[in-house]
Structure formats: structure tokens, C-alpha cells
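Residue numbers (the numbering used here), protein chains in the order written: chain V, 336 to 453; chain P, 2 to 114. Even for Gly, the Cβ is constructed at its ideal location relative to N, Cα and C. One structure is given here, and the rest of the page talks about it.
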Amino acid sequence: ETGVTQTPRHLVMGMTNKKSLKCEQHLGHNAMYWYKQSAKKPLELMFVYSLEERVENNSVPSRFSPECPNSSHLFLHLHTLQPEDSALYLCASSQQPSGGGIPYNEQFFGPGTRLTVL
Amino acid sequence: GENVEQHPSTLSVQEGDSAVIKCTYSDSASNYFPWYKQELGKRPQLIIDIRSNVGEKKDQRIAVTLNKTAKHFSLHITETQPEDSAVYFCAASITGGGNKLTFGTGTQLKVEL
């Protein structure tokens with residue numbers, strides 16, 4: 336498997352369920368991201384992990400809980416979601432320049448998980 | 002924070018014509034501007050990007066221009082082909098902690114035969 340992979344590709348869950356989305360990158364990158372993509376809206380950045388530390392939490396409700404156990408894996412734990420959380424959840428990775436600073440490098444996206452909350 | 006606006010939301014052109022998509026950004030500190038293409042049911046993929054130290058960049062039929070003073074940048078596609086049909090997103094990076102890209106709302110480009 337190459338690039339960025341995500342599982343599952345489709346997920347239907349009830350509002351009381353607990354589920355997790357998984358992302359794995361095979362590119363040797365040191366930064367990973369979660370985005371939400373809803374119809375008619377721009378891609379919304381949810382979380383950024385750099386060197387396995389969360390560096391950005393874009394005012395995301397606590398019913399979304401990210402986890403980054405190592406530089407290759409990223410999870411998004413879901414619980415008590417709402418129907419408006421139904422969307423395509425995209426994972427991405429990039430190589431952040433050492434020493435921090437602004438990102439000049441391409442973000443590679445996974446295929447996404449299509450989430451439907453009933 | 003950064004705000005990126007993108008126009009038009011839909012664009013229909015005849016095969017062989019040119020297509021132009023425009024974006025504006027609000028944060029003058031932004032200095033990296035990528036463009037992503039997302040075909041139906043597929044993941045976004047980078048097609049071209051530009052840094053703020055240059056005003057124009059070209060890659061075959063695709064070009065991007067940047068006007069830092071006016072805080073806008075544009076994607077130009079020449080000699081459009083049916084396979085160019087997709088949603089195109091512009092983005093701007095904001096300085097500060099983390100690799101944060103702010104995306105525009107996307108442009109649905111349709112190239113008609």
C-alpha cells in the first residue's frame with residue numbers, strides 16, 4: 336500500500352455509537368491532518384499533528400477525539416455524533432520543514448471516509 | 002484568522018477554451034498558495050502551487066498568478082480538455098504554528114465537448 340490510506344471507506348452510525356476512523360501514511364512524513372468536507376462548504380481543517388504532537392485544534396467539538404500514536408498513524412474517535420456531522424472525513428500528511436515555520440510542502444490526501452450519522 | 006474566497010462556484014467552458022478561477026485571501030502574512038483538483042469520488046490532489054516570492058508559475062497548460070498587493074491569486078487552464086472537469090480548490094497558508102491551510106469553497110469546472 337502506498338500514499339495515504341483510510342479505513343473504513345464508508346461508515347454509518349447511530350448517534351449513540353462509538354466508532355473510530357483510521358489513517359495511515361506510507362510516505363515518511365512527519366505531519367498529519369484531519370479535514371471535514373461537507374457539500375457546498377470548503378474543506379475544514381479539524382486537527383493537525385506535527386511530530387506526533389497536536390499543534391492545531393480548530394474549535395472542533397469534543398465528540399471528535401484525535402489520536403496520533405506515531406508519525407504514520409492517525410485516528411479520529413467518534414462518539415455521540417449528530418446528523419450534521421455526516422460528511423467526508425479526509426486525512427492528509429506532509430513533510431514539515433525542520434525547525435517549524437510555514438508549510439511549503441504538499442499535503443497528500445487519503446481517499447476519505449464517508450460518514451453518515453443517523 | 003485567514004479567510005479565502007473563491008469564484009466562480011461553477012464554470013462551464015467549451016473544450017479548447019481557457020478557464021480562469023479566482024481567489025482572494027485576507028491575511029497579508031500568507032505566503033503559500035496551492036491549488037488542488039478533486040475529481041468526482043476521488044481525493045484532492047495538488048496540481049500547482051505558488052510561493053509569495055514569485056508572481057507567476059506555469060506548468061504546461063496550467064498557470065497560477067499571484068498579486069500580493071491586492072491579495073488575490075488565480076488559476077488559469079488553457080486548451081481545456083474533458084479530463085479537466087473536476088472541482089478545483091484554492092488554499093492559503095497562514096503563518097504561525099502548525100501546517101494550516103485555509104481552503105476556498107471550490108469551483109466545479111465542466112468542460113463540454
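The beta-carbon distance between P/Ser31 and P/Ser75, rounded to whole angstroms, is 15 Å. This is too long to meet the 8 Å contact definition. Listed along the chain, the chain V residues whose CB falls inside 7 Å of the CB of P/Pro45 are Phe444.
For P/Pro35, the closest alpha carbon among the candidates P/Lys23, P/Asp18, P/Lys43 and P/Gly42 is that of P/Lys23.
V/Met350 has no beta-bridge partner at all, per DSSP.
The three-state reading of DSSP puts P/Pro35 in strand, counting E and B together.
In the structure shown, P/Glu16 falls within a coil segment according to DSSP collapsed to helix, strand and coil. Counting along the chain, P/Ala87 sits inside the beta strand (DSSP E) bounded by residues Ala87 to Ser94. For the segment 345-366 of chain V, the beta-carbon criterion of a distance under 7 Å to any beta-carbon of chain P is satisfied by Ala366. Under the three-state reduction of DSSP, P/Asp28 is assigned to coil, being neither helix nor strand. Taking 8 Å as the cut-off, the beta carbon of V/Phe399 is found closer than this to the beta carbon of V/Leu411. Taking a Cβ-Cβ threshold of 8 Å, none of the residues of chain V is close to P/Lys111; the smallest such distance is about 17 Å. Collapsing the DSSP output to three states places V/Glu359 in a strand. Residues of the segment 377-404 of chain V that bring their beta carbon within less than 7 Å of a beta carbon in chain P comprise Pro377, Leu378, Leu380, Val383, Ser385, Val390 and Glu391, in sequence order.
The contact set of V/Leu425 on chain P, defined by CB atoms closer than 9 Å, consists of Arg44 and Pro45 in chain order. With respect to chain V, the C-beta atom of P/Leu102 has a partner C-beta closer than 8 Å. A residue is called buried once 16 or more other Cβ atoms fall within 10 Å of its Cβ, and P/Gly107 is buried on that count.
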